[in-house]
Each structure stands twice: as C-alpha cells, then as structure tokens.
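Q:
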Amino acid sequence: MLLPFILLVVPASLALYTSKDDVVELTSANFQSKVINSDEVWVVEFYAPWCGHCKNLVPEYKKAATALKGIIRVGAVDMTQHQSVGAPYNVQGFPTIKIFGADKKKPTDYNG
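Take the sequence shown: its letters are residues 1 to 112, numbered as in UniProt numbering.
1. In terms of residues, what are the limits of the alpha helix (DSSP H) holding Ala15?
2. Nearest to Pro95 by alpha carbon, out of Ile71, Thr66, Ser28 and Asp109?
3. Would you identify the three-state DSSP class for Val35, choosing helix, strand or coil?
4. If the criterion is Cβ atoms closer than 7 Å, does the pair Ala48 and Thr18 meet it?
5. Quick one: give me the first and last residue of the alpha helix (DSSP H) that Glu40 is part of.
6. Gly75 lies in the alpha helix (DSSP H); which residues open and close that run?
7. Hey, could you find the ends of the alpha helix (DSSP H) Thr66 is sitting in?
8. In terms of alpha-carbon separation, which member of Ser38, Lys63, Phe46 and Asn56 lies closest to Cys90?
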C-alpha cells in the first residue's frame, strides 16, 4: 500500500516551481493557451528537475518573475513531464530559456 503513495509523491517533489511562485507552471495542457495564444511577452525556462544548473537557477528565476510581474510573464516547463512542449523549439539542453514575443512561432534564445 505504501508504494503507490510513494510513486505519487516522488514526481511531485521533483518540481522546481510551485503554484505559490510567480513562475507559471507551463504544461502540454496549458502552453498553447497561456503562451502561444497570448498577446503578452513570455520568458520561458525549459528545465529538468535533476539538472544541477536548473536547480541553481531557481532562486534567481523566481526573483526575476517577481520583479517582472505585471510587465512580462515568466514561466517554466518541466521537460521530463512535458517534452512535447519544447520539441518544436529545438530544446536540447537544460536550462534553456526562450523569449516568446510578438512572433510566438519564432521565440528568441536568451543567452544571458
């Protein structure tokens, strides 16, 4: 009986961001409606929870999301759960940050 509970809890505990953060959790279910169909500019991090660089980025990315609140939307995609979201944008390493501006089909790579 304990194993099913552990299997449910472990994946959730790997998430780098929560609903309490100003970083919007983007998924295969909401990416199109929140980012692509939006008139807003989005900064999106594509990450893997096991990635050391991604973990190190979390505090600063959260600070940026809070500082940019109301100006630019900041989101993150867990590529271990939603690989199909990053595939069209040639996401191959982690973290990858892209800016979705006016032309949502051609996001700009952030290299800062």
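By construction, the Cβ of each residue, glycine as well, lies at the ideal position given by its N, Cα and C atoms. As the structure is a prediction and not an experimental result, all values here were calculated from the model.
A: With the structure as the only source:
1. The residue you call residue 15 lines up with position 15 of the sequence shown. Per DSSP, Ala15 belongs to no alpha helix (DSSP H) and is neither H nor E.
2. The sequence position of residue 95 within the sequence shown is 95, counting from 1. If we check each option's Cα against that of Pro95, Asp109 comes out closest.
3. Taking the sequence shown and counting its residues from 1, one reaches residue 35 at position 35. In this structure, DSSP gives Val35 a helical state, which the three-state scheme calls helix.
4. Along the sequence shown, read from residue 1 onward, the residue named residue 48 stands at position 48. Along the sequence shown, read from residue 1 onward, the residue named residue 18 stands at position 18. Against a cut-off of 7 Å, the Cβ pair of Thr18 and Ala48 comes out as no contact.
5. By one-based count along the sequence shown, residue 40 stands at place 40. If you look at Glu40, you'll find it isn't in any alpha helix (DSSP H); DSSP assigns it neither H nor E.
6. Mapped onto the sequence shown, residue 75 falls at position 75. Unbroken run through Gly75 is the beta strand (DSSP E), Arg73 to Asp78; no alpha helix (DSSP H).
7. Walking along the sequence shown from the start, residue 66 turns up at place 66. From DSSP, the alpha helix (DSSP H) with Thr66 extends over Gly52 to Leu68.
8. The residue given as residue 90 occupies position 90 in the sequence shown. The question names Cys, but residue 90 is Asn in the sequence shown. For Asn90, the nearest C-alpha among the options comes from Phe46.
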